[in-house]
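When you line the sequence shown up against my numbering, it's residues 36 to 173, in that order.
We treat Cβ as the ideally placed atom computed from N, Cα and C, and that holds for glycine.
The structure appears right after this line, and notes come after that.
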Amino acid sequence: MEKSQSLPEFKSASNLSWRYSQDRIDLQSGVKADISKQSYCPVPVEVYYNESFTCLDCGEETVFTALEQKHWYEDLEFNLSSQRIRCKKCQVAYKQTQDGQNQICMLTINYDKNKNKICQHLKAVEKAYGFLPLPFRK
Ligand SMILES: [Zn+2]
36 MEKSQSLPEF KSASNLSWRY SQDRIDLQSG VKADISKQSY CPVPVEVYYN ESFTCLDCGE
96 ETVFTALEQK HWYEDLEFNL SSQRIRCKKC QVAYKQTQDG QNQICMLTIN YDKNKNKICQ
156 HLKAVEKAYG FLPLPFRK
């Protein structure tokens with residue numbers, strides 16, 4: 036029984052975590068992780084690196100910095116497998132669109148009472164973004 040109780044010791048593969056693809060990171064940018072703050076994951080990440088990626092919305096090459104990762108995975112307790120997929124500019128635009136849609140959805144729960152608010156909001160959304168959320172397009 037004693038033998039089976041000792042778990043294998045996890046080490047990041049050649050000190051580079053499973054999380055990173057070698058050709059996408061800047062090895063000079065390493066920031067030490069605090070493993071005790073990472074949310075549950077069988078294999079922790081010991082060092083964060085600046086990681087380049089292509090923004091989902093605008094297609095521009097951008098960087099998910101080591102410090103942003105530290106904030107995501109330690110302060111915000113995001114799962115280590117979650118990745119940034121949008122550049123900062125597109126993330127802000129996406130969030131605003133989502134917030135707008137969520138607000139409209141909440142208002143439509145009581146449509147008759149909120150009809151005026153909904154119309155006002157839709158006009159503002161259309162003005163700001165040049166389009167309406169899907170369910171409200173003609
Ligand atoms: Zn973008």
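| query | result |
| --- | --- |
| Straight-line Cα distance separating E109 from K38 | Only weak support is given to the placement of K38: the predicted model assigns it a pLDDT of 47, under 50, and the question is left unresolved by the model. |
| Reference C76; option with closest CA among K124, S117, F88 | S117 |
| Closest residue to P79 among D69, E86, A163, I60 (Cα-Cα distance) | D69 |
| Contact between the segment 88 to 105 and the segment 54 to 70 (3+ Cβ pairs under 8 angstroms) | yes |
| Stretch-stretch touch, CB-based, cutoff 8 angstroms, three pairs: the segment 89 to 103 with the segment 137 to 152 | no |
| Distance, E86 Cα to Y55 Cα | 8 angstroms |
| Classification of F93 by the beta-carbon crowding that lies within 10 angstroms, buried from 16 upward | The residue asked about is misnamed: residue 93 is Cys in this sequence, not Phe. The residue is exposed, with fewer than 16 neighbouring Cβ atoms inside 10 Å. |
| Bridge-paired residues (DSSP) for E86 | I60, F99 |
| Cβ-based burial, S122 [other Cβ within 10 Å; buried from 16] | Sequence inspection shows Cys at residue 122; the Ser mentioned does not correspond to that position. Buried, because 16 or more other Cβ atoms sit within 10 Å of the Cβ of C122. |
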